[in-house]
Amino acid sequence: MIEHITSTDFTDTQRLFHGRGHAYPNLSHINVDWFSPVVLITLYQAVDSEWLAVQASALKAMIKECRSVQVQHRYEKFAPTELLLGEPISKTIVSEQGLNYHIEFGKAQNSGLFLDMSNGREWLRQRAEGKNVLNLFAYTCAFSLSAIAGGATKAVNIDLSKASLSKGRENHQLNQLAKKEGKQVIFEGVDIFKSNSRIKKYGPYDILVCDPPSFQKGSVNIERDYAKIIRRIPQWMNPGAKLMLCLNSPDLDENFLKAEVARECPDCHFEQRLKNPVVFKEAHEGKGLKVLIFTYQPQ
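Set out below in structure tokens:
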């Protein structure tokens, strides 16, 4: 695994090795991420402990800034995290594109920032100036940070999880953006599918970011539910609005999303699919993250 890592700059947080793309034989159950000063190995099935120890030592030796190598066992209940080498670091602050994010290890399945979406955050930042941005399934509000850093007049973060939005507030405080809360940055802990009036309240919007989970028991089944979001676009968005619609299901390709848009909101016109970071190599096109850009232009 270590021989496939080509990065030489560890300034920004990043994925170092993406085995889940099935591009590397016998390594499809392993990812490696850099959350300075922590290397996090994520396992989706058990591995030989001696092999893991060798990999951990090699990673620590390769990255001089590394002070801790940890492993998360995603195949086990509650996805526990354990220390392999170095210091027992449970929290850190990482940087990406000049913005800072709180990261936690061992408390939840996800650490607080999805690294495959870095190009999407950059796309938004470059286009946010003067725009009112709607961020659905906001999680820890990384897109909101990109929008405000890019000069957005408003970023409205919607997520059912108030705990995730609380971490989003902390990320805004970390970047000295907390003073903008209430006017320029909005946090709404509501169900997207049951709160249309609350979403409309802060609109109309110029940019929509929609990055939903593929499935969450009792709340989201994106194959069934994406249509419910797309058909609301005319109620939410200004003419000419840009839409970033994301899909992270290995079982649904970009044609699924294009078909949903064509059926539910034919005034949305496909522009491009954003490339994922190079490290997120996929053996089978369409299995990984899909980020599609549309323009809403009613006749």
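When you number the sequence shown by the working numbering, it's gap-free, plus one each residue, and the end is 347. Think of the CB as a built atom: it goes at the ideal place given N, C-alpha and C, for glycine as much as any other residue.
Taking 8 Å as the cut-off, decide whether the C-beta atoms of Val257 and Leu172 are in contact. yes
Buried or exposed: where does Arg175 fall if 16 or more other Cβ atoms within 10 Å of its Cβ makes it buried? buried
Less than 8 Å between the CB atoms is what I'm expecting for Ile206 and Asn183, so what's the real figure, rounded? 7 Å
Could you check the C-alpha separation between Phe126 and Gln157 for me, to the nearest Å? 7 Å
With a threshold of 7 Å on Cβ separation, who are the neighbours of Ser84 within its own chain once the five nearest residues in sequence on each side are excluded? Phe58, Thr61, Glu113, Thr140, Val142
With DSSP as the reference, label Arg280 as helix, strand or coil. coil
Would you mind stating whether Val181 and Ile255 have Cβ atoms separated by less than 8 Å? yes
From the DSSP output, in three-state form, read off Asn286 for me. strand
Taking just the CA atoms, how far does Glu130 sit from Glu330? 28 Å
Within a Cβ cutoff of 6 Å, which residues of the same chain sit near Gly251, ignoring the five residues on either side of it in sequence? Trp284
Three or more C-beta pairs under 8 Å: does that hold for the segment 193-203 against the segment 95-110? no
Could you spell out where the alpha helix (DSSP H) holding Ile196 opens and where it closes? 190-197
Within a Cβ cutoff of 6 Å, which residues of the same chain sit near Gly334, ignoring the five residues on either side of it in sequence? Asp301
Could you give the distance in angstroms between the alpha-carbon of Phe304 and the alpha-carbon of Glu319? Between Phe304 and Glu319, the alpha-carbon positions lie close to 16 Å from each other.
Extent of the continuous beta strand (DSSP E) to which Gln345 belongs: Here Gln345 belongs to no beta strand (DSSP E), and DSSP marks it neither H nor E.
On the DSSP bridge assignment, give the partners of Ile78 in chain order. Leu91
Where Leu133 and Leu107 are concerned, what is the direct C-alpha to C-alpha distance, given to the nearest angstrom? Cα to Cα, the separation comes out at about 10 Å.
Please return the same chain residues whose Cβ sits closer than 6 Å to the Cβ of Glu312, not counting the five positions on each side in sequence. Ala275, Ile278, Arg279
Tell me, please, which residues DSSP counts as bridged to Ala203. Val181, Val233
Nearest by alpha-carbon distance to Ala71: which of Val327, Leu337, Thr343 is it? Val327
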